[in-house]
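In the working numbering, the protein residues as written are 3 to 543.
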Amino acid sequence: MQEPSKDEAAGVRPGALRSLASKFFLFTAILVFWVVATILTYDLRQDSFDVGKALLLFVIVILVSGAISRFTIRLLARPLGLLQAGITAVRNGRLEPVRVSKTGDEIEFLGESFNRMIEALANSRREIREQQELHELRIKERTAQLEEALRGAQAANRAKSAFLANVSHELRTPMNGVIGMLDMVLANHPPLDQAEELQTAQRCAYSLLALLNEILDLAKIEAGKMTLEKIPFGLRATVEDCIQSQQPKAFQNDVILSSEVSPDVPEQIVGDPLRIRQILSNLLSNAVKFTKDGSTLLRVNSQCSDSGELSLQIVVEDTGAGIPAGQLPFIFDEFTQADGSVSRKYGGTGLGLAITRRLVEIQRGQIRAESELGRGTTIYVTLPYEVSLEESSQAPMLEAVPEERLTGLANLARILIVEDNLVNQKVVTAVLRKRGYTIELANDGMEALSKLEKQEGFDLVLMDVQMPVLDGLETTRRIRQEKRWHGLPIVAMTAHAMNGDRERCLEAGMNGYISKPVHPSHLLNTVDEYLNPRDVAAIAP
Ligand code: ADP
């Protein structure tokens, strides 16, 4: 649009000589002057020139011109001035009708048309404002609906997490019983045929437990409930452990399983050892599972990016079955297996790589796979890490203590098991008694407090969390309030597997945490660890 001129913008009138009135005045004056001049020239020619007549005629010239000028001002300039004022007002945003002079001519008609235009503009401006208000109202309503939906989704998510915690509790408690009982029966050397059947049952129980753990892990990651630890740890030891735990399966499949950790990987790195272990274990177990009579190699290198960020390059390569090209893009999705025969032939749930991918991603890493059918698969993982400047904060591993010395130590120690579930009581008691510990049982927190009150000399408390009467967290808080029990180790033993449970137990004053179902060797290791390894030295010969 063309910019208004300076004069228009200021709403200024035209200069005095350029106004319509001046122009009409000059035009009329020239015309009448020409008539007067003709008359006077004629008088001069006839020798009848009269000065008085000439003066009179000049006065008439001025009067006529002045009258015409005034008439012009009234007829044209004023109505046009009003119109101009109206236009300026409209331009300044005031959509009000302009004053129109009732001259009954084209100028009045122009003024009326202009007023109709202003009315139309005012109407459309009102409509636009109404539409705007309507839109704002709708946006507000939508926002309120979305906020409501978000609150609903968050509540549903919380309900899902709580449901998972409960399912985990409900499923792990009986699993604890099943696995513990099977362990106990097998430890009593049953006849060979029965032992084989029991071992099959034990394998099934462990794979059910693995599946349960995988589903819980995935749900925890999805609910954003998986928090990462940042502690110094030795990656080489983790790699070695993962390789060792896959060796039996590798041996079964005639697979040569090896690892190479490059010298530039620092001894101690800062990260989440548990999650890195989980990633390595998942990748190695797949590599070994899908390879028959071949090899599997785990390589770990360290790289430094241009921005100075350090990352681990983890490569797991095998010479196994490979993955069909069409399936390769989907192997990191949940419940995806290369084809229907995989689960029949190799077992598995199709969750391992989905969990691995999520675990890599929450650590800001990347994962990808390359594979050739019949020739093998290579999985590449990149994980950022930091170099540790301090010593490892992981709990020191117990030195291998001869069994008989531990039994000697165990004879000295008294353990209070606070647990409401009879099967769990039986399993844990049997495992610990077998080692030589003296066991006392309490069915709930209240009973535990009264046993601690009445009987002196407990060395450790194994505490269930969810119990009737008084739960494990509250019981622990009450124990910690008493100065005399400040040094008493309390280890949580709970089927609560959700994230944050460990923190809740520690906050309540517990020293450690074992999640159910408790594996006998893990239970014994943890108990031995809390019963102070120095005692072991004290009773040593
Ligand atoms: P599963 O529990 O079935 O092993 P994963 O999520 O770990 O589930 O793997 C998904 C699928 O990807 C597997 O079923 C298999 O078809 C394929 N796959 C994963 N790793 C390998 C491998 N190293 N070699 C061949 N196939 C593999």
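Note that the Cβ used here is the ideal one computed from N, Cα and C, for glycine as well.
Straight-line Cα distance separating residue j from residue i
i       : j       : result
Leu-314 : Lys-251 : 26 Å
Asn-159 : Gly-459 : 45 Å
Val-529 : Asp-466 : 15 Å
Ile-278 : Arg-359 : 12 Å
Val-316 : Ala-239 : It is worth fixing the name first, because residue 316 is Ile in this sequence and not Val. So the two alpha carbons sit approximately 15 Å from each other.
Ile-89  : Leu-123 : 13 Å
Gln-280 : Val-272 : 16 Å
Ile-419 : Leu-184 : 21 Å
Leu-57  : Ala-39  : 11 Å
Leu-434 : Ser-261 : 37 Å
Val-538 : Asp-308 : Low confidence applies here, because Val-538 scores a pLDDT of 37, under 50, leaving its location unreliable and the question unanswered by this model.
Ile-381 : Leu-375 : 14 Å
Arg-437 : His-524 : 13 Å
Ala-402 : Asn-178 : Bear in mind that a pLDDT of 39 at Ala-402, under 50, signals an unreliable position, so the model cannot answer this.
Lys-106 : Ala-31  : Looking at the sequence shown, residue 106 is not Lys but Gly. Cα to Cα, Gly-106 sits roughly 28 Å from Ala-31.
Ala-91  : Gly-83  : 12 Å
Glu-336 : Val-180 : 28 Å
Lys-453 : Asn-527 : 25 Å
Arg-80  : Ala-146 : 57 Å
Leu-220 : Leu-276 : 15 Å
Ser-7   : Leu-97  : Its pLDDT being 46, under 50, Ser-7 is placed unreliably in this model, and the value from its coordinates should be taken loosely. Computed Cα separation, rounded: 21 Å.
His-488 : Val-471 : 23 Å
Ser-21  : Ser-67  : 15 Å
Ile-141 : Glu-135 : 10 Å
Val-318 : Leu-148 : 45 Å
Arg-329 : Leu-139 : Per the sequence presented here, residue 329 reads as Gln, with Arg not at that position. Gln-329 and Leu-139: Cα-Cα distance of roughly 49 Å.
Arg-153 : Arg-144 : 14 Å
Val-53  : Leu-46  : 11 Å
Thr-496 : Pro-326 : 43 Å
Pro-522 : Pro-192 : 18 Å
Ile-364 : Lys-222 : 12 Å
Leu-259 : Ala-212 : 23 Å
Leu-443 : Ala-207 : 27 Å
Arg-506 : Arg-480 : 15 Å
Proximity below 8 Å, CB of residue i to CB of residue j
i       : j       : result
Thr-477 : Ala-494 : no
Val-100 : Asn-125 : no
Ile-357 : Glu-216 : yes
Val-241 : Leu-282 : yes
Pro-265 : Val-389 : no
Val-257 : Val-290 : yes
Ile-70  : Leu-59  : no
Asp-446 : Met-469 : yes
Arg-174 : Lys-485 : no
Ser-287 : Gln-248 : yes
Asn-573 : Leu-355 : This structure cannot settle anything about residue 573, because the visible part of the chain is limited to 3 through 543.
Pro-234 : Gln-204 : no
Ile-109 : Leu-78  : yes
Nearest to residue i (by Cα), restricted to the options the options
i       : options                               : result
Leu-533 : Arg-80, Arg-131, Leu-490 and Ser-260  : Leu-490
Pro-386 : Gly-310, Gly-154 and Arg-205          : Gly-310
Met-448 : Leu-210, Glu-132 and Asp-422          : Asp-422
Ser-373 : Phe-292, Ser-304 and Arg-504          : Phe-292
Glu-531 : Arg-480, Glu-509, Glu-455 and Leu-462 : Leu-462
Leu-85  : Ala-69, Gly-68 and Lys-104            : Lys-104
Phe-253 : Leu-139, Met-228, Ser-297 and Ile-233 : Ser-297
Glu-231 : Asp-274, Ser-247 and Thr-496          : Asp-274
Gln-483 : Leu-472, Leu-464, Val-471 and Ala-510 : Ala-510
Leu-475 : Leu-508, Glu-143 and Gly-54           : Leu-508
Val-169 : Leu-78, Leu-218, Ile-109 and Arg-144  : Leu-218
Val-425 : Pro-176, Phe-35 and Ile-492           : Pro-176
Arg-377 : Ala-323, Leu-330, Glu-114 and Asp-243 : Ala-323
Val-37  : Ser-50, Arg-47, Ile-62 and Val-53     : Ile-62
Gly-514 : Arg-93, Lys-456 and Ile-492           : Ile-492
Residues sharing a beta bridge with residue i, DSSP
i       : result
Met-495 : Ile-516
Glu-319 : Leu-299 and Thr-380
Phe-235 : Ile-271
Cys-306 : Leu-312
Val-420 : Ala-444 and Met-465
Ala-371 : Ile-381
Ser-261 : Leu-300
Glu-110 : DSSP output for Glu-110 lists no bridge partner at all.
Val-389 : Ile-271
Residue i Cβ short of 7 Å to the ligand SAH heavy atom set
i       : result
Asn-190 : The ligand SAH is absent from the structure shown, which contains only the ligand ADP.
* Given 8 Å, three or more beta-carbon pairs between the stretch 180–199 and the stretch 427–436 -> yes
* **Contact the stretch 19–37 vs the stretch 62–78: 3+ CB pairs below 8 Å** => yes
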